[in-house]
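Asker: Heads up: the sequence shown is residues -17 to 604, going by the numbering used here.
All residues carry an ideal CB built from backbone N, CA and C; glycine is no exception.
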Amino acid sequence: MTTDTQSAAIGRRIVVAAGAWASVGAVFGLFVAYLTVITNESLIGSGASLRFALFVSVTYAGICLLLGGIVASGGALNQRRRRSRTLNPADASPPIAPWFTAHLIAALAALLVVTVGGMLARKPHLRRYPASATATTAMAGFAAAAAVASRATKRLRVRRCWSSVLALFAIAVTLVLVLLSLDRPPMRPDRVALPRRSASAARLMLLGLDGADWRRIRPLVARGRLPTFATLMRDGVTAPLHTMRPTNSPILWSTIITGTTASQHGVYDFNETPLPGLPCGVQRLHVARFLPLLGGMRALMRGLHDAGVLALFPVTSCHRRAKALWNILSDQGERVAVINWWATWPSESVNGYLVSDNNPWRAARIALIFDHVNPAIQGVTYPEGLMAELAAVAPMPTQRSNDEILATPFFADLNAADRLALTRAATLKYLDTTRAVDAFSAASSFYLADKERFALLTAYLPGIDNSSHYAGHQPAVIDHYYEFVDGLLAGFLQRMDANTTLVIVSDHGWDYGRRRSFGHESGPDGILLLYGAGVRRGVELSQTPSLLDITPTLLALLGLPASDEMPGRVIEEALQPDVLAAVPRTPLASYGAYTPPARIPSRNDELTSETMEKLRALGYVR
-17 MTTDTQSAAI GRRIVVAAGA WASVGAVFGL FVAYLTVITN ESLIGSGASL RFALFVSVTY
43 AGICLLLGGI VASGGALNQR RRRSRTLNPA DASPPIAPWF TAHLIAALAA LLVVTVGGML
103 ARKPHLRRYP ASATATTAMA GFAAAAAVAS RATKRLRVRR CWSSVLALFA IAVTLVLVLL
163 SLDRPPMRPD RVALPRRSAS AARLMLLGLD GADWRRIRPL VARGRLPTFA TLMRDGVTAP
223 LHTMRPTNSP ILWSTIITGT TASQHGVYDF NETPLPGLPC GVQRLHVARF LPLLGGMRAL
283 MRGLHDAGVL ALFPVTSCHR RAKALWNILS DQGERVAVIN WWATWPSESV NGYLVSDNNP
343 WRAARIALIF DHVNPAIQGV TYPEGLMAEL AAVAPMPTQR SNDEILATPF FADLNAADRL
403 ALTRAATLKY LDTTRAVDAF SAASSFYLAD KERFALLTAY LPGIDNSSHY AGHQPAVIDH
463 YYEFVDGLLA GFLQRMDANT TLVIVSDHGW DYGRRRSFGH ESGPDGILLL YGAGVRRGVE
523 LSQTPSLLDI TPTLLALLGL PASDEMPGRV IEEALQPDVL AAVPRTPLAS YGAYTPPARI
583 PSRNDELTSE TMEKLRALGY VR
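#1: Looking only at its own chain, which residues have a Cβ that is under 6 angstroms from the Cβ of Thr535, when we skip the five neighbours before and after it?
#2: Should Thr225 and Gly574 be called a contact, given that it needs their Cβ atoms to be closer than 8 angstroms?
#3: Indicate whether the contact test is met: 3 or more Cβ pairs, each with one atom in the stretch 407 to 426 and one in the stretch 479 to 494, closer than 8 angstroms.
#4: Using a 10 Å radius around the Cβ and a threshold of 16 neighbouring Cβ atoms, would you call Leu402 buried or exposed?
#5: Would you report the Cα separation of Asp447 and Leu557, rounded to the nearest angstrom?
#6: Quick check on the DSSP output: the beta strand (DSSP E) that includes Pro549 runs from which residue to which?
#7: Considering Cα atoms alone, identify which of Val19, Gln246, Met478 and Ala431 is closest to Ala306.
#8: Terminal residues of the continuous beta strand (DSSP E) containing Arg185?
#9: Taking the DSSP output, what are the residues bridged to Gly445?
#10: Which one of Ile45, Leu17, Ala30 and Ala4 has the shortest CA to CA distance from Thr83?
#11: List the DSSP bridge partners of Thr620.
#12: Grab me the residues of Ala194's own chain with a C-beta within less than 7 angstroms of its C-beta, minus the 5 sequence neighbours each way, in chain order.
#13: Do you know how far the Cα of Val19 is from the Cα of Gly11?
#14: Give me the Cα-Cα distance between Leu257 and Gly248, rounded to the nearest whole angstrom.
#15: Rounded to whole angstroms, what is the Cα-Cα separation between Gly263 and Tyr412?
#16: Taking 7 angstroms as the cut-off, is the beta-carbon of Ala35 closer than that to any non-hydrogen atom of the ligand GTP?
#17: Run through DSSP, which three-state label would Asn384 get?
#18: Give me, in chain order, the residues of the same chain whose beta-carbon lies closer than 8 angstroms to that of Tyr16; leave out the 5 immediate sequence neighbours on both sides.
#19: On the DSSP bridge assignment, give the partners of Ser528 in chain order.
#20: What is the rounded straight-line gap between the Cα of Ile26 and the Cα of Leu267?
#21: Between Trp308, Leu471 and Leu410, which lies nearest to Ser449 when the distance is taken from Cα to Cα?
#22: Going by DSSP in three states, Ala319 sits in which element: helix, strand or coil?
#23: Pick out whichever of Tyr452, Thr590, Arg519 and Arg435 has its Cα sitting closest to the Cα of Gly601.
#24: Are Ala221 and Pro527 touching if we call contact CB-CB under 8 angstroms?
#25: For Thr568, tell me which candidate among His301, Leu542 and Leu523 has the shortest Cα-Cα distance.
#26: Just the Cα atoms here: how many angstroms apart are Val419 and Asp339?
#27: My guess is that Val297 and Asn253 are in contact by the Cβ rule of under 8 angstroms, so how many angstroms apart are they, rounded?
#28: Measuring CA to CA, which of Leu336, Pro201, Ala407 and Ala183 is closest to Trp308?
#29: Can you give me the Cβ contacts of Phe436 inside the same chain, cut-off strictly under 7 angstroms, excluding the 5 residues immediately before and after it?
#30: Between Ala346, Phe13 and Asn22, which has its C-alpha nearest Val40's C-alpha?
#31: So, is Lys596 buried or exposed, given that buried needs 16 or more other C-beta atoms within 10 angstroms?
#32: Between Pro579 and Cys300, which are expected to be in contact by the criterion C-beta below 8 angstroms, what is the C-beta distance as a whole number of angstroms?
#33: Measuring CB to CB, does Leu188 end up less than 8 angstroms from Thr440?
#34: Return the chain-ordered list of same chain residues with a C-beta closer than 6 angstroms to the C-beta of Leu350, the five sequence neighbours on each side being excluded.
#35: Taking the alpha carbon of Leu368 as the reference point, which residue from Arg205, Tyr429, Val53 and Tyr576 has its own alpha carbon closest?
#36: Which ranges does the beta strand (DSSP E) cover as unbroken runs of at least 3 residues, wholly within the stretch 392 to 437, from first to last along the chain?
Right, dumping it as structure tokens:
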């Protein structure tokens, strides 16, 4: 055989081998995409499942094509040298089919080694060396692939080859059909007709105090430092509130307001990664618990994020797949007001007002300095003009010096060394911003509550949790922050009437002795406090309710039934008998399907970058 003929044969074998690797990569990518889709409900029923699957499949196929070409080149050249010494010309051009199948098996072996290596890299003693673990795993995958390809080429027969091809094809077709079936929209009505409530019916104020803990509140109440809490506890119902793991705020607050689990409501993470052609970003693509272990996906995704190829943005309302309480009430023609709740940007159309969680305090400043129709704040509120009203009445965040911040009551009990430590740790700015955020949310709530009567007014105040992250090692600062929140609660209490029920919840408590695990990953209980119309007086519940019980109980206070889609129960022991008697005994099958906002406005760099900076300071984002 001539040199040109041998070179052509080597080229054909390299192309065939690279095709085999690309085929395995494409099918493997479909499998990884399927697992990603079923843990990102926002991709299901939106027509995005197959597009995302093709994106991941092509990515894996391209990577495997490159790797397969490298492995095959080495193998083909080695065979050329070995066979050039033989006298039989037929040995110089072995059949292509066994070569193709050999590299199918080699690619599978490489991906298996990389996957197992990724799992081993999660061991505590290897987590400190992610780059070394990734490199070692990749080298082991190459070695396994080369060895398998070499042995398989010698032993395989032509008649065995096409079975491998047909098996891969069958797997790929099955995965595509499954992904297509996931793209079918849920077969539920959009709305459910219920009897209209009277204008004088009960109304709710729901306050979310992230990170609030009875173990901190009760001693402060006993010392007379939280007079509003003391009043609410004396005349209302108190209970610890069982949290869920992981204690990630977007998951837990979406559970609280929908009465559903994460697998039902679809919000899983603090962040999302937008990809071309998808209506929603993909959650957990950078820190997924299982998927990045497959084929080195964790190292790949983190590398792409670190290099700026893939962007990371705060999680949006696009992901929620269950109706929130404000959606249920809006469908019934009830007026609602929503302030700063997790995963509400872009703001959705409601029968009332909604201030989303996309840095509304910064958006208010932009509206005040420029104008309320500025494109930078598009989608932050519903209706759009609401931000101009809030900017005129709510306190604006200002940049204060460290000395000005240290002069506030939060730091009155600290000595000079502790003050210096906070200054050096650069936490003063974050603590001051946290205070401004809560003040803005409370002032916005007061403005809307004074403006008109709502069936539901709900506000989320992150300050207790945030300040515990920043200054959990300074108990005096945390105690003063509870006093600040207690003063805000007094404003809500003043706006109640005889038909109003105030419900205060926290998603989890705080263990201040476990700072390395954020103080709440161990899952300490949060708080539940009910006060006002329809609630028993001076009762401490012996049974611990859970986050899933909040929405059914709120519906009962409004005289509405829960739905079969809500796993929780009505906390009957907290409510008056006449309230329970007015609730329909038969739950609804469903309150209907929820469709999130269809259009994601362009993200403003100032709003988003500040939110991402805060999440990094809290330790939730690398």
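Answerer: This is what the structure holds:
#1: Your numbering for residue 535 matches position 553 in the sequence shown. These residues qualify, in order along the chain: Val552 and Ile553.
#2: In the sequence shown, counting from the first residue as 1, residue 225 sits at position 243. In the sequence shown, counting from the first residue as 1, residue 574 sits at position 592. Not closer than 8 angstroms, so no.
#3: no
#4: For the purposes of this step, residue 402 is taken as the residue at position 420 of the sequence shown. Classification of Leu402: exposed, given that the 10 Å Cβ count is below 16.
#5: Sequence index remark: in the sequence shown, residue 447 carries index 465 (1-based). Sequence index remark: in the sequence shown, residue 557 carries index 575 (1-based). Answer to the nearest angstrom: the Cα atoms are 29 angstroms apart.
#6: Taking the sequence shown and counting its residues from 1, one reaches residue 549 at position 567. Careful: Pro549 lies outside any beta strand (DSSP E) and carries neither H nor E.
#7: Within the sequence shown, residue 306 is the residue found at index 324, counting from 1. Of Val19, Gln246, Met478 and Ala431, the residue nearest in Cα terms is Gln246.
#8: The residue labelled residue 185 in the question sits at position 203 within the sequence shown. From DSSP, the beta strand (DSSP E) with Arg185 extends over Arg185 to Leu191.
#9: Against the sequence shown, residue 445 aligns to sequence position 463. Bridge partners of Gly445: none, in fact.
#10: Taking the sequence shown and counting its residues from 1, one reaches residue 83 at position 101. The option with the nearest alpha carbon to Thr83 is Ala4.
#11: Shown here, the chain extends from -17 to 604; a query on residue 620 therefore has no answer.
#12: Here residue 194 refers to the residue found at position 212 when the sequence shown is read from its first residue. The answer, listed in chain order, is Ile446, Ser488, Gly508 and Ile509.
#13: The residue given as residue 11 occupies position 29 in the sequence shown. The residue given as residue 19 occupies position 37 in the sequence shown. If you take the alpha carbons of Gly11 and Val19, they lie about 12 angstroms apart.
#14: By 1-based counting over the sequence shown, the position of residue 257 is 275. By 1-based counting over the sequence shown, the position of residue 248 is 266. Roughly 18 angstroms between the two C-alpha positions.
#15: The count along the sequence shown starts at 1 and reaches residue 263 at position 281. The count along the sequence shown starts at 1 and reaches residue 412 at position 430. If you take the alpha carbons of Gly263 and Tyr412, they lie about 28 angstroms apart.
#16: By its list of ligands, the structure shown contains no ligand whatsoever, and the ligand GTP lies outside what it can speak to.
#17: Residue 384 sits at position 402 when you count from the first residue of the sequence shown. Of the three classes helix, strand and coil, the one that applies to Asn384 here is helix, per DSSP.
#18: Position 34 of the sequence shown, counted from the first residue, corresponds to residue 16. Taken in chain order, the residues that qualify are Ala35, Leu157, Val160 and Leu161.
#19: One-based indexing of the sequence shown puts residue 528 at position 546. Its beta-bridge partners are His224.
#20: Within the sequence shown, the letter at position 44 stands for residue 26. Within the sequence shown, the letter at position 285 stands for residue 267. Taking the straight line from one Cα to the other gives about 16 angstroms.
#21: Translated into positions along the sequence shown, residue 449 becomes position 467. It is Leu410.
#22: Taking the sequence shown and counting its residues from 1, the one referred to as residue 319 is at position 337. Residue state, collapsed to three classes: strand.
#23: To locate residue 601, count along the sequence shown from 1; it is residue 619. If we check each option's Cα against that of Gly601, Tyr452 comes out closest.
#24: Here residue 221 corresponds to residue number 239 of the sequence shown, with the count starting at 1. Here residue 527 corresponds to residue number 545 of the sequence shown, with the count starting at 1. Taking 8 angstroms as the Cβ cut-off, Ala221 and Pro527 qualify as a contacting pair.
#25: Reading the sequence shown from its first residue, position 586 is the one you call residue 568. When only C-alpha atoms are compared, the closest one is Leu542.
#26: Residue mapping note: residue 419 aligns to position 437 of the sequence shown, counting from 1. Residue mapping note: residue 339 aligns to position 357 of the sequence shown, counting from 1. Cα to Cα, the separation comes out at about 11 angstroms.
#27: Position 315 of the sequence shown, counted from the start, is the residue given in the question as residue 297. Position 271 of the sequence shown, counted from the start, is the residue given in the question as residue 253. At roughly 6 angstroms, the Cβ-Cβ gap stays under 8 angstroms, so Val297 and Asn253 are in contact.
#28: Within the sequence shown, residue 308 is the residue found at index 326, counting from 1. Checking every option, the nearest Cα to that of Trp308 belongs to Leu336.
#29: Numbered from its first residue, the sequence shown carries residue 436 at position 454. Around Phe436: Arg185, Arg317, Val318, Ala319 and Gly334.
#30: Numbered from 1 along the sequence shown, position 58 holds the residue referred to as residue 40. When only C-alpha atoms are compared, the closest one is Phe13.
#31: The residue labelled residue 596 in the question sits at position 614 within the sequence shown. So Lys596 ends up on the buried side.
#32: Reading the sequence shown from its first residue, position 597 is the one you call residue 579. Reading the sequence shown from its first residue, position 318 is the one you call residue 300. Pro579 to Cys300, Cβ: 7 angstroms. Contact.
#33: As a working note, residue 188 is residue 206 in the sequence shown. As a working note, residue 440 is residue 458 in the sequence shown. Against a cut-off of 8 angstroms, the Cβ pair of Thr440 and Leu188 comes out as a contact.
#34: The residue labelled residue 350 in the question sits at position 368 within the sequence shown. These residues qualify, in order along the chain: Ala373.
#35: Numbered from its first residue, the sequence shown carries residue 368 at position 386. With distances taken between Cα atoms, Leu368 lies closest to Tyr429.
#36: none
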